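Trainee: Quick one: the structure is below, questions incoming.
Residue numbers (my numbering): 1 to 313.
So, in structure tokens, the structure goes:
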């Protein structure tokens, strides 16, 4: 951070993150915050930028954060944002989980095939890799793509039999191909922290700026919950790449938005620690207090969380 209200923010192209709402409104300016935004292809790329000292704050899934902490990067998750943001899609030849007897049977149908995900270490990659491991399915390949945007084409071209990614992936696959959701978000990893607000620990002392950011972030979460149509229009106008209907469809696939860090969010994140160690992604157990600092969000959002409140029609 180079000035009293200045902050360098890294974000992804994920339309249901509040980043595009904060970019397209005065919510941050009203808190006295002047943000510089940088778009990245994946969470691991954001971690690399933070290692090089190029960012203060980021929108990112928690597994890459845990990997970064294991590598010695002093990070802290100070706020939530959304849970259950990973879906799996496939074409009509693949049976959905609901049409199979169990997750193991569902995964066995991919024997000799490939499932595509964003880069190694992304939350989507970790979830798929862990499901294969815990179900003893060893003859399925996980192929990592540098940009999640490559997955729909790979699925359509037959490079992969299924893809795991954000709800926007499901909307794209449905709009521009014949893909459908074969495993919904809540069945892949309940309450998984699809993204959080993560900062370099050295800026935790800038509590006034971080509190202002979290107030704006929660206001944007409330906008998604209570005025999703209006929020979708702002996002569409800000990105210039998708229409409001696309954004609204993505919102509705997993309508679980809030800035808080409740116990369920923490517990789900800590489950990833064991998974990441089992998969060889980290070298040691990472403690809760190495990952989270809830002191600011508990002041900004002291009441019950809203992840289960749904979204207005």
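Glycine is no exception: its CB is placed at the ideal position from the N, C-alpha and C atoms.
This structure is a prediction, so every number in the text was calculated from the model and none was measured.
#1: So what's residue 83 in DSSP terms, helix, strand or just coil?
#2: Only counting the same chain, and skipping five residues up and downstream in sequence, which positions put a Cβ closer than 8 Å to that of residue 283?
#3: Does DSSP classify residue 309 as helix, strand or coil?
#4: Please check the pair residue 232 and residue 209, which I expect to be a contact at CB under 8 Å, by giving their CB distance rounded to whole angstroms.
#5: Considering only C-alpha positions, which residue in the set 178, 166, 213, 255 is nearest to residue 297?
#6: Using the Cβ count rule (16 or more neighbours within 10 Å means buried), how would you classify residue 52?
#7: What residue range is occupied by the uninterrupted beta strand (DSSP E) comprising residue 195?
#8: Is the segment 29-46 touching the segment 174-181, taking contact as three or more C-beta pairs under 8 Å?
#9: Beta-carbon separation of residue 162 and residue 169 under 8 Å?
#10: Quick check on DSSP: helix, strand or coil for residue 77?
#11: Should the segment 195-206 be called in touch with the segment 232-241, which here means at least 3 C-beta pairs below 8 Å?
#12: Start and end of the alpha helix (DSSP H) containing residue 275?
#13: Which value, in whole angstroms, describes the spacing of the CA atoms of residue 1 and residue 40?
#14: Measuring straight from C-alpha to C-alpha, what distance separates residue 72 and residue 7?
#15: Which partner residues of residue 7 appear in the DSSP bridge assignment?
#16: What does DSSP give as the partner residues of residue 144 in its beta bridges?
#17: With distances taken Cα to Cα, identify the nearest neighbour of residue 205 among 78, 305, 289.
#18: Report yes if the C-beta distance between residue 160 and residue 123 is below 8 Å; otherwise report no.
#19: Name the two residues that bound the continuous alpha helix (DSSP H) containing residue 163.
#20: Give me, in chain order, the residues of the same chain whose beta-carbon lies closer than 8 Å to that of residue 244; leave out the 5 immediate sequence neighbours on both sides.
#21: Indicate the three-state DSSP secondary structure (helix, strand or coil) for residue 207 in the structure shown.
#22: Go to residue 182, then tell me how far its beta strand (DSSP E) extends in each direction, as first and last residue.
#23: Could you check where the alpha helix (DSSP H) with residue 291 kicks off and where it finishes?
#24: What's the gap between the Cα of residue 147 and the Cα of residue 156?
#25: By alpha-carbon positions, which one of 304, 89, 219 ends up nearest to residue 177?
#26: Just to confirm my understanding: we take residue 270, look at its own chain, exclude 5 residues before and 5 after, and list those with CB closer than 7 Å. What are they?
Mentor: Walking through what the data contain:
#1: Taking the first residue of the chain shown as 1, we reach residue 83 at position 83. The answer is coil: DSSP assigns residue 83 none of H, G, I, E or B.
#2: Against the chain shown, residue 283 aligns to sequence position 283. So the list reads 70, 277, once near-sequence residues are dropped.
#3: If you number the chain shown from 1, residue 309 lands on position 309. Coil at residue 309, not helix or strand.
#4: In the chain shown, the residue the question calls residue 232 occupies position 232. In the chain shown, the residue the question calls residue 209 occupies position 209. With a Cβ gap of about 28 Å, residue 232 and residue 209 do not count as contacting.
#5: Sequence index remark: in the chain shown, residue 297 carries index 297 (1-based). Ranking 178, 166, 213, 255 by Cα distance to residue 297 puts 213 first.
#6: Here residue 52 refers to the residue found at position 52 of the chain shown. Classification for residue 52: exposed.
#7: As a first step, residue 195 must be located in the chain shown, where it is residue number 195. Counting along the chain, the beta strand (DSSP E) containing residue 195 begins and ends at 195-200.
#8: no
#9: Position 162 of the chain shown holds residue 162. Position 169 of the chain shown holds residue 169. No; because the gap between Cβ atoms is not below 8 Å, this pair is not in contact.
#10: The sequence position of residue 77 within the chain shown is 77, counting from 1. Strand at residue 77.
#11: Too few Cβ pairs lie closer than 8 Å, so no.
#12: Here residue 275 refers to the residue found at position 275 when the chain shown is read from its first residue. Where residue 275 is concerned, the enclosing alpha helix (DSSP H) stretches over 263-278.
#13: By one-based count along the chain shown, residue 1 stands at place 1. By one-based count along the chain shown, residue 40 stands at place 40. The predicted position of residue 1 is uncertain, since its pLDDT is 47 and thus under 50; no value can be drawn from it.
#14: Within the chain shown, the letter at position 72 stands for residue 72. Within the chain shown, the letter at position 7 stands for residue 7. Roughly 22 Å separates the two Cα atoms.
#15: On the chain shown, position 7 is the one that residue 7 refers to. Residue 7 pairs with 35.
#16: Residue mapping note: residue 144 aligns to position 144 of the chain shown, counting from 1. DSSP, once it has assigned bridges, lists 117 as partnering residue 144.
#17: Reading the chain shown from its first residue, position 205 is the one you call residue 205. Nearest C-alpha to residue 205: 78.
#18: As a first step, residue 160 is located in the chain shown; it is residue number 160 there, counting from the start. As a first step, residue 123 is located in the chain shown; it is residue number 123 there, counting from the start. Going by C-beta atoms, residue 160 is not nearer than 8 Å to residue 123.
#19: Residue mapping note: residue 163 aligns to position 163 of the chain shown, counting from 1. Per DSSP, residue 163 belongs to no alpha helix (DSSP H); it is in the beta strand (DSSP E), 162-165.
#20: Working through the chain shown from its first residue, we reach residue 244 at position 244. Same-chain partners within the cutoff: 229, 232, 233, 235, 236.
#21: Position 207 of the chain shown holds residue 207. Helix at residue 207.
#22: For the purposes of this step, residue 182 is identified with residue 182 of the chain shown, where counting begins at 1. First-last of the beta strand (DSSP E) with residue 182: 180-183.
#23: Stepping through the chain shown from its first residue, residue 291 is reached at position 291. Residue 291 -> alpha helix (DSSP H) spans 288-291.
#24: Locating residue 147 in the chain shown gives position 147, where the first residue counts as 1. Locating residue 156 in the chain shown gives position 156, where the first residue counts as 1. Going from the Cα of residue 147 to the Cα of residue 156 covers about 16 Å.
#25: To locate residue 177, count along the chain shown from 1; it is residue 177. Ranking 304, 89, 219 by Cα distance to residue 177 puts 89 first.
#26: Here residue 270 refers to the residue found at position 270 when the chain shown is read from its first residue. Residues 288 of the same chain have their beta carbon placed closer than 7 Å to that of residue 270, with the five preceding and five following residues left out of the count.
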